[in-house]
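Quick notes on the structure that follows.
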Amino acid sequence: MRFLLYLNTIAIILLAGALVRLYEGAPLPWAEPPVALAADPAPSAPAPSPPLTAEQYAALQLPLPHPARAPAVAPDAGPVKLRLLTEGDYPPFNYRGAGGGLTGFDVEIANALCARLRAECSFELRPWNDLVLALKRGEGDAVVASMLIPVPGREAPATDDGVVFTERYYSTPGHFAARRTGAPVAATPAALAGKRIAVQAGSVHHAYVRHRFPEARPLALPTLTEAQAALAGGDADLLFADRNALLRWTAAGEGACCRLAGSGYGDPAWFGEGAGIALRAGDEALRDRFNAALEELVADGTYARISARYFANNIY
-14 MRFLLYLNTI
-4 AIILLAGALV
6 RLYEGAPLPW
16 AEPPVALAAD
26 PAPSAPAPSP
36 PLTAEQYAAL
46 QLPLPHPARA
56 PAVAPDAGPV
66 KLRLLTEGDY
76 PPFNYRGAGG
86 GLTGFDVEIA
96 NALCARLRAE
106 CSFELRPWND
116 LVLALKRGEG
126 DAVVASMLIP
136 VPGREAPATD
146 DGVVFTERYY
156 STPGHFAARR
166 TGAPVAATPA
176 ALAGKRIAVQ
186 AGSVHHAYVR
196 HRFPEARPLA
206 LPTLTEAQAA
216 LAGGDADLLF
226 ADRNALLRWT
236 AAGEGACCRL
246 AGSGYGDPAW
256 FGEGAGIALR
266 AGDEALRDRF
276 NAALEELVAD
286 GTYARISARY
296 FANNIY
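Be aware that the sequence shown starts at -14, since it is given in our numbering, and climbs by one per residue.
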């Protein structure tokens, strides 16, 4: 019995000592030593890059072959309201119809453009000489009135300062008209020598005849109407004027006596880039939207259908 009591006493003493060592964090004599974890190796310094050659350095200075570019026009944010200025007294382009409403080629093209832009457009009439001034005063957002795009290098009226134009929405070449009963005449300086050519006095068409056909005999009359009457009445052999005006004139009435002859003359130095929509400088985003909408009208046939209602040909 004493021997068992002695063993129990020793066991209690050993157990108490072990508890004390555990509390102090010391390992037990019979425990396996802890395994030390290997530290991650320190990252080695990268090897220095070789210096750039002159050719490599020069290449870094070159722009990318196709640099990214912001869109010229912000995406359409939704319907807008636009005030369009026109004259209202220039048939068949802009005029009042039989019922008094505004109509004409300019008006129909403008309405089609507004539909593509999802814009709510209204027209306001101004005298021709006041159209650009009214635009610059902020009385409208654009002029749609068969206004010719100024030719670079040619002196433009002072009122065109601060104005930008869309691409042309119709071309304005010069053209000859002849009586239907007359013999065809080649439009060469030699063939037209001595021929009486009716023109509106002081017009670009008058100047062009004198320049291009110096041996012809210009019959300069105060108005285009009088020049047309001279051809119809036989007082002139030919008439040289704006093609679009001649297309309208020869379609019916007194002009039915006559027809367009030969090909058009479209030298921009003489006859301009065509008729465009005028906007204030600074409204280039709206101009670009008009240009994009016009391309759609031409591509899908809408433009040709509108042109056919007023002219025998597509005047684009």
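Don't be surprised by glycine CBs; every beta carbon is placed ideally from N, CA and C.
Comparing alpha-carbon positions, the option among ARG202, PHE296, ALA260, GLY123 lying closest to PHE225 turns out to be ARG202. Non-local beta-carbon contacts of ALA217 in its own chain, meaning distances under 6 Å to residues more than five positions away in sequence, involve GLU239, CYS242 in chain order. Within the model, the alpha-carbon separation for LYS66 versus ARG272 is close to 15 Å. Rounded to whole angstroms, PRO199 and PRO174 show a C-alpha spacing of 7 Å. The C-beta of VAL283 has fewer than 16 other C-beta atoms within 10 Å across all chains shown, which makes the residue exposed. CA-to-CA, the gap between ASN114 and ALA172 works out to about 35 Å. Its Cα nearest to that of ARG103, the residue ALA95 stands out among ALA95, GLU109, LEU110. Taking 8 Å as the upper bound for CB-CB distance, VAL128 and ILE262 are in contact here, some 7 Å apart.
Around the Cβ of GLY267, a 10 Å sphere holds fewer than 16 other Cβ atoms; the residue is exposed.
The beta carbon of PRO253 sits closer than 8 Å to the beta carbons of VAL136 from its chain, once the five residues preceding and following it are set aside; these are given in chain order.
When DSSP states are grouped into helix, strand and coil, PRO199 belongs to the coil group.
The C-beta of GLU93 has 16 or more other C-beta atoms within 10 Å across all chains shown, which makes the residue buried. Counting along the chain, no beta strand (DSSP E) covers VAL170, and no H or E run does either. Counting of Cβ neighbours within 10 angstroms places ARG265 among the buried residues, the total reaching 16 or more. At least 7 Å separates the beta-carbon of PRO76 from that of PHE90.
THR151 places its beta carbon less than 7 Å from that of PHE275. When the alpha-carbon of VAL184 is set against those of GLY86, VAL194, PHE256, the nearest one is in VAL194. The Cβ-Cβ distance between ARG153 and GLY286 does not fall below 7 Å.
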